[in-house]
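A.B. asks: Position 191 of the sequence shown, counted from 1, bears residue number 190 in numbering that gives the first Met the number 0, the numbering being contiguous throughout. Here a beta-carbon is modelled for each residue, glycine too, at the ideal position from N, C-alpha and C. Values in this document were obtained by computation on a predicted structure and should not be read as measured data. The structure is given below, and queries will be raised subsequently.
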Amino acid sequence: MPGIAVIGAQWGDEGKGKISHLLSEGVDLVVRFNGGPNAGHTVVDSYGEIRLHHLPAGALREGTVGVLAHGMVIDPWVLREELQEVEKQGRPVPKLLISDRAHVILPHHKEMEVGSGIAKSIGTTRRGIGPAYADKALRLGIRFADLADQDVARERLSRLEGAHRNPYRPPMDPERVVQELFEFYAAFKDTIGDSIRTITAALAEGRNVLFEGAQGTLLDIDLGTYPYVTSSHTTVHGIASGAGISPKKVERIIGVLKAYTTRVGEGPFPTEDVGQLGELLRRKGMEYGATTGRPRRCGWLDLVALRYAQRVNDFTELAVTKLDVLSGLPEILVCTAYRIGNERVEEFPSSLMDLSHARPIYERLPGWKEDVRGIRVKEELPRAARDYLRYIEEALGVPVRLISVGPKPEETIFC
Ligand code: GDP
Ligand code: IMO
Ligand code: MG
């Protein structure tokens, strides 16, 4: 089996954790290639429910190695807590490989995010993601490889501290930070290494590698709704650079989409419903952030945005999640175009202003009454649900290969 990608097609929280965990059975490596602890990937299995922030969902399986590749920014303090949570649930200790090229999220990154006003204006997760990637781009960042030599680490930290010195903020205490980082390094030395070699060798040997995207296409730093985005490449494009492989190694690209749309944080969202429907979706879909607990904004499916996600990722197949949440609605609306001023627009706009003024043009489809959570075969779904899925397939020109009807792994229909 080739490299498989699991990519969010909307604004994140599409259910990538469930899909990645489900598909990682028999997979050798599950690789996170972008983002950091801003992600919250939920897995429900026989041990219970867990929300992962750095760990790839498939890393919970015995026999699978979870790789945190260099495209990520990693907070050692949060990662330790996450591993403690895994242990607390009585799960086996995950086998990990942390890229020595990955950048470290430091305490001051979180302070900068709040202090600069970015946390509030963008509605970030306050995990220090943006400032850590900014330091990387500024060539000031600290990589895990730097921690191998205490003198190098001290020198780089003091350079960083000097660059960010701010008379209005107490200086960070480099010695305390350095000591805690050295403790982390000492404890995790055997799991820190060259992930490029491991991933490329596995692919060359024909072993199974799954790439688990974090966030979603519309939060990509280049392709998303800038500036209301995250700071990494969340699309299929992030895999080659963030894991250090050739793009031709990824043969299956699975686009994960919710049967409706959600967004958390600020930024335009044309199909957002701030009335009863939005409230109903939030309640039934339990739409509260897995990392921050914030209520997610909810609305109907947006095919303009999804056609764009399809165009840029070229998904080979789709996984539609949360179909069960739509049960009981008399009709289902699907946004097929936008009205911007007097114009009908079918392409997802690059201008933030245009997107902010976009009004959805809806097509109305019949809903279904039946609870679908117990259904395991596509043919047994209510007719209107099958028609809805076919409508999505035809609009995007890609087959739906997986339908999720509940959070548990068994609540899945393979087609
Ligand atoms: P991710 O960030 O893409 O991994 O998604 P999250 O874990 O943040 O959010 C998805 C939420 O929906 C989690 O609470 C999942 O347990 C839950 N979930 C996943 N698939 C389904 C489904 O098909 N139906 C329902 N009702 N919940 C689902
Ligand atoms: P998963 O992997 C949904 C959003 C934040 C904010 C913007 C920037 O669980 O799908 P950041 O902290 O990254 O600088 O915040 O991106 N965001 C997410 N929204 N799911 C996520 O991850 C997200 N990660 C970041 O809410 O709007
Ligand atoms: Mg999430």
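1. Just to confirm, are F210 and F32 a CB contact at a threshold of 8 angstroms?
2. Report the residue from Q83, V344 and V85 whose alpha carbon sits nearest the alpha carbon of R358.
3. Please report how far the alpha carbon of R385 lies from the alpha carbon of E378, in whole angstroms.
4. By the 10 Å Cβ neighbour count, where 16 or more other Cβ atoms means buried, how is P93 classified, buried or exposed?
5. Extract the residue ranges of the beta strand (DSSP E) inside the stretch 23-54, only unbroken runs of 3 or more that lie entirely within it.
6. Going by DSSP, what residue range makes up the beta strand (DSSP E) through F413?
7. Starting from F210, follow its DSSP beta bridges and name the residues at the other end.
8. Going by the C-beta, is D323 closer than 7 angstroms to any heavy atom of the ligand GDP?
9. Got a list of residues with beta-carbon closer than 5 angstroms to any non-hydrogen atom of the ligand MG, in chain order?
10. Taking only heavy atoms of the ligand IMO into account, decide whether any of them is closer than 7 angstroms to the Cβ of L67.
11. I think G212 touches I73, with their Cβ atoms under 8 angstroms apart; what is that distance to the nearest whole Å?
12. Using 7 angstroms as the cut-off, classify the Cβ of G215 as near or not near the heavy atoms of the ligand IMO, replying yes or no.
13. Note down the Cα distance separating I128 from P91, rounded to an integer number of angstroms.
14. Kindly indicate which residue of T229, H102 and G2 has the alpha-carbon position closest to the one of G264.
15. What's the gap between the Cα of E81 and the Cα of I360?
16. Skipping 5 residues on each side, what residues in its chain have a beta carbon closer than 6 angstroms to that of H69?
17. Any chance the CB of V29 is under 7 angstroms from a heavy atom of the ligand IMO?
18. Just to confirm before moving on: does the CB-CB distance between V177 and R153 stay below 8 angstroms?
19. Does DSSP classify P329 as helix, strand or coil?
20. In its own chain, which residues sit with a C-beta less than 6 angstroms from the C-beta of P130, not counting the 5 before and 5 after it?
21. By DSSP, does P294 sit in helix, in strand, or in coil?
22. Just the C-alpha distance for L280 and V66, rounded to the nearest angstrom, thanks.
23. At a threshold of 7 angstroms, does P406 count as lining the ligand GDP (C-beta to nearest heavy atom)?
24. Span of the alpha helix (DSSP H) holding A201?
25. Compare the beta carbon distance of I220 and V30 with 8 angstroms and say whether it is the shorter of the two.
26. Count the other CB atoms within 10 Å of the CB of A308; is the residue buried (16 or more) or exposed (fewer)?
27. What residue range is occupied by the uninterrupted alpha helix (DSSP H) comprising E271?
28. Mind checking who I339 pairs with in its DSSP beta bridge?
29. In the DSSP output, which residue or residues are listed as bridge partners for I253?
30. Within 10 angstroms of its Cβ, does R60 collect 16 or more other Cβ (buried), or is it exposed?
31. Under the rule that 16 or more other beta-carbon atoms within 10 Å means buried, what is Q9, buried or exposed?
32. Whole angstroms are fine: how far does the CA of S350 sit from the CA of R296?
33. What's the C-alpha gap between L139 and A336?
34. Taking all protein chains shown into account, decide if N312 is buried (16 or more other Cβ within 10 angstroms of its Cβ) or exposed.
35. From what residue to what residue does the beta strand (DSSP E) around S355 run?
36. Report the rounded CA-to-CA distance for L328 versus L401, giving the unit in angstroms.
C.D. replies: Reading off the structure:
1. Along the sequence shown, one-based indexing puts residue 210 at 211. Along the sequence shown, one-based indexing puts residue 32 at 33. Contact flag set, yes.
2. The count along the sequence shown starts at 1 and reaches residue 358 at position 359. Nearest to R358 by alpha-carbon distance, out of Q83, V344 and V85, is V344.
3. For the purposes of this step, residue 385 is identified with residue 386 of the sequence shown, where counting begins at 1. For the purposes of this step, residue 378 is identified with residue 379 of the sequence shown, where counting begins at 1. C-alpha separation (whole angstroms): 8 angstroms.
4. In the sequence shown, residue 93 corresponds to position 94, counting from 1. Classification of P93: buried, given that the 10 Å Cβ count is 16 or more.
5. For the stretch 23-54, whole beta strand (DSSP E) runs of length 3 or above, ordered along the chain, are 28-31, 40-44 and 47-51.
6. Taking the sequence shown and counting its residues from 1, one reaches residue 413 at position 414. Unbroken beta strand (DSSP E) run through F413: T411 to F413.
7. Sequence index remark: in the sequence shown, residue 210 carries index 211 (1-based). Paired residues: A4 and V30.
8. Taking the sequence shown and counting its residues from 1, the one referred to as residue 323 is at position 324. Yes, the Cβ of D323 comes within 7 angstroms of a heavy atom of the ligand GDP.
9. Result: D12, G39 and A289.
10. For the purposes of this step, residue 67 is taken as the residue at position 68 of the sequence shown. For the ligand IMO, not one heavy atom lies less than 7 angstroms from the Cβ of L67.
11. Within the sequence shown, residue 212 is the residue found at index 213, counting from 1. Within the sequence shown, residue 73 is the residue found at index 74, counting from 1. 16 angstroms between Cβ atoms; not a contact.
12. As a working mapping, residue 215 is identified with position 216 in the sequence shown. Because some heavy atom of the ligand IMO lies under 7 angstroms away, the Cβ of G215 counts as near it: yes.
13. As a working mapping, residue 128 is identified with position 129 in the sequence shown. As a working mapping, residue 91 is identified with position 92 in the sequence shown. Between the alpha carbons of I128 and P91 lies a distance of about 29 angstroms.
14. Within the sequence shown, the letter at position 265 stands for residue 264. With distances taken between Cα atoms, G264 lies closest to T229.
15. Locating residue 81 in the sequence shown gives position 82, where the first residue counts as 1. Locating residue 360 in the sequence shown gives position 361, where the first residue counts as 1. C-alpha separation (whole angstroms): 43 angstroms.
16. As a working note, residue 69 is residue 70 in the sequence shown. If we look at H69 and ignore the five residues flanking it on each side, its Cβ neighbours are S98, R100 and A101.
17. As a position in the sequence shown, residue 29 is number 30, starting the count at 1. No; taking the cut-off as 7 angstroms, the Cβ of V29 has no heavy atom of the ligand IMO nearer than that.
18. Taking the sequence shown and counting its residues from 1, one reaches residue 177 at position 178. Taking the sequence shown and counting its residues from 1, one reaches residue 153 at position 154. R153 sits close to V177, with the two beta carbons spaced by under 8 angstroms.
19. Position 330 of the sequence shown holds residue 329. Reduced to three states, the DSSP call for P329 is coil.
20. Numbered from its first residue, the sequence shown carries residue 130 at position 131. Only residues of its own chain outside the window of five on either side were considered, and among them H108, M111 and E112 have a CB closer than 6 angstroms to the CB of P130, listed in chain order.
21. As a position in the sequence shown, residue 294 is number 295, starting the count at 1. In the three-state reduction of the DSSP assignment, P294 falls in the strand class, which pools E and B.
22. Counted from its first residue, the sequence shown places residue 280 at position 281. Counted from its first residue, the sequence shown places residue 66 at position 67. Rounded to whole angstroms, L280 to V66 spans 34 angstroms at the Cα level.
23. Along the sequence shown, read from residue 1 onward, the residue named residue 406 stands at position 407. For the ligand GDP, at least one heavy atom lies less than 7 angstroms from the Cβ of P406.
24. Locating residue 201 in the sequence shown gives position 202, where the first residue counts as 1. Counting along the chain, the alpha helix (DSSP H) containing A201 begins and ends at S194 to A203.
25. Walking along the sequence shown from the start, residue 220 turns up at place 221. Walking along the sequence shown from the start, residue 30 turns up at place 31. Not closer than 8 angstroms, so no.
26. Counting from 1 along the sequence shown, the entry for residue 308 is found at position 309. Buried, by the Cβ-count rule.
27. Locating residue 271 in the sequence shown gives position 272, where the first residue counts as 1. No alpha helix (DSSP H) holds E271; DSSP gives it neither H nor E.
28. By 1-based counting over the sequence shown, the position of residue 339 is 340. According to DSSP, which records beta bridges pairwise, I339 is partnered with E342.
29. Residue numbering aside, residue 253 sits at position 254 when the sequence shown is read from its first letter. Looking at the DSSP assignment, I253 forms a beta bridge with V5 and E316.
30. Start at 1 with the first residue of the sequence shown, and residue 60 comes out as number 61. Residue burial is scored here from C-beta neighbours: R60 has at least 16 other C-beta atoms within 10 angstroms and is therefore classed as buried.
31. Numbered from its first residue, the sequence shown carries residue 9 at position 10. Buried.
32. For the purposes of this step, residue 296 is taken as the residue at position 297 of the sequence shown. For the purposes of this step, residue 350 is taken as the residue at position 351 of the sequence shown. When only Cα atoms are considered, R296 and S350 end up about 21 angstroms apart.
33. Looking up residue 139 in the sequence shown gives position 140. Looking up residue 336 in the sequence shown gives position 337. Cα to Cα, L139 sits roughly 44 angstroms from A336.
34. Within the sequence shown, residue 312 is the residue found at index 313, counting from 1. By the neighbour-count rule (16 or more Cβ atoms within 10 Å), N312 is buried.
35. Against the sequence shown, residue 355 aligns to sequence position 356. Element bounds for S355: not the beta strand (DSSP E) but the alpha helix (DSSP H), L351 to H356.
36. Position 329 of the sequence shown, counting from 1, holds the residue named residue 328. Position 402 of the sequence shown, counting from 1, holds the residue named residue 401. C-alpha separation (whole angstroms): 22 angstroms.
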